Amino acid sequence: MIAQKVYDDSNQFYGYGGAIANIYLSAYCNKLERWVLGYEKFECLFDSMIPNFLPFYESQSRISIFWIRIIRQVIESLSVLHGNGVMHGSLYSPQSYVLDSSSNIKLINIGRYSVAGRSTSHRDITSFFGYLGSQSCLDVSSSKDSHGFEYLYNSKEAMNNTRSCWKDSILGHPILLEPPSKLVAHWDDERIHDEICEHFPGFIAWRTLFEK
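Okay, structure coming up:
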């Protein structure tokens, strides 16, 4: 009866049809003539374990491999959800993340807060990274390299694109590669000035003008 209630209730969610039910339910049993609810056994809430995990950054700006894999798991899961026409809708909540027996992160409470309307890919993505950023022990925003990444996932145009485009944009970012790639595209006016002076000896140094 619980499975049937989940099926009936989820079919009433605005804009979803049977998509949520198809993810939550494993099969319809002809013998029992009812829906059979399938779910995994979870070990604990992810949120309760964060203080015990490795630091978010393994160096001044490099995300640790552990956290890279956690982020990639969530993004891959969101890609599957969105591909099935389902948006999570509550990834800002600590109650939406659990760990299984193999310490893989899983998303739960899918669509729980979405009865009033359909959320977007952008909302799910920003809610997830907002949740990570709210963990003071991780200090996610302490790295300058993270700022460019924040511009990427906060872009509505980029994140509301097709599933493969937004997923590839996030997972292909240098700070989420294994091992992370060094970000070299940044503006350093003094370095550029010095290189110009080195290659063009006749160039009048602005610092010389100000020193006079």
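Per this note's numbering, the sequence shown starts with residue 51, numbered consecutively. Quick reminder that beta carbons are idealized off the backbone N, C-alpha and C, glycines included. The structure presented is a predicted model; accordingly, all values stated were derived computationally and were not measured.
Asked                                                                                       : Found
Assigned secondary structure, residue 160 (DSSP; H/G/I helix, E/B strand, else coil)        : coil
Rounded distance between the beta-carbons of residue 183 and residue 191, thought under 8 Å : 6 Å
From 104, 99 and 173, residue whose alpha carbon lies closest to that of residue 144        : 99
Range covered by the beta strand (DSSP E) that runs through residue 181                     : Run containing residue 181: none in the beta strand (DSSP E); it sits in the alpha helix (DSSP H), 171-183.
Between the CA atoms of residue 193 and residue 200 - distance to the nearest angstrom      : 11 Å
C-beta atoms of residue 92 and residue 148 nearer than 8 Å                                  : yes
Beta bridge counterpart(s) of residue 113 as assigned by DSSP                               : 107
Beta-ladder partner(s) of residue 95, from DSSP                                             : 148
With 16 other Cβ atoms within 10 Å as the buried cut-off, status of residue 141             : buried
Presumed contact (8 Å Cβ cut-off) between residue 121 and residue 226, rounded CB distance  : 6 Å
Burial state of residue 217, where buried means 16 or more other Cβ atoms lie within 10 Å   : buried
Beta-carbon spacing of residue 155, residue 136 below 8 Å                                   : no
Pairwise C-alpha distance: residue 180 and residue 173                                      : 10 Å
Straight-line gap, residue 97 to residue 153 (C-alpha atoms, nearest Å)                     : 13 Å
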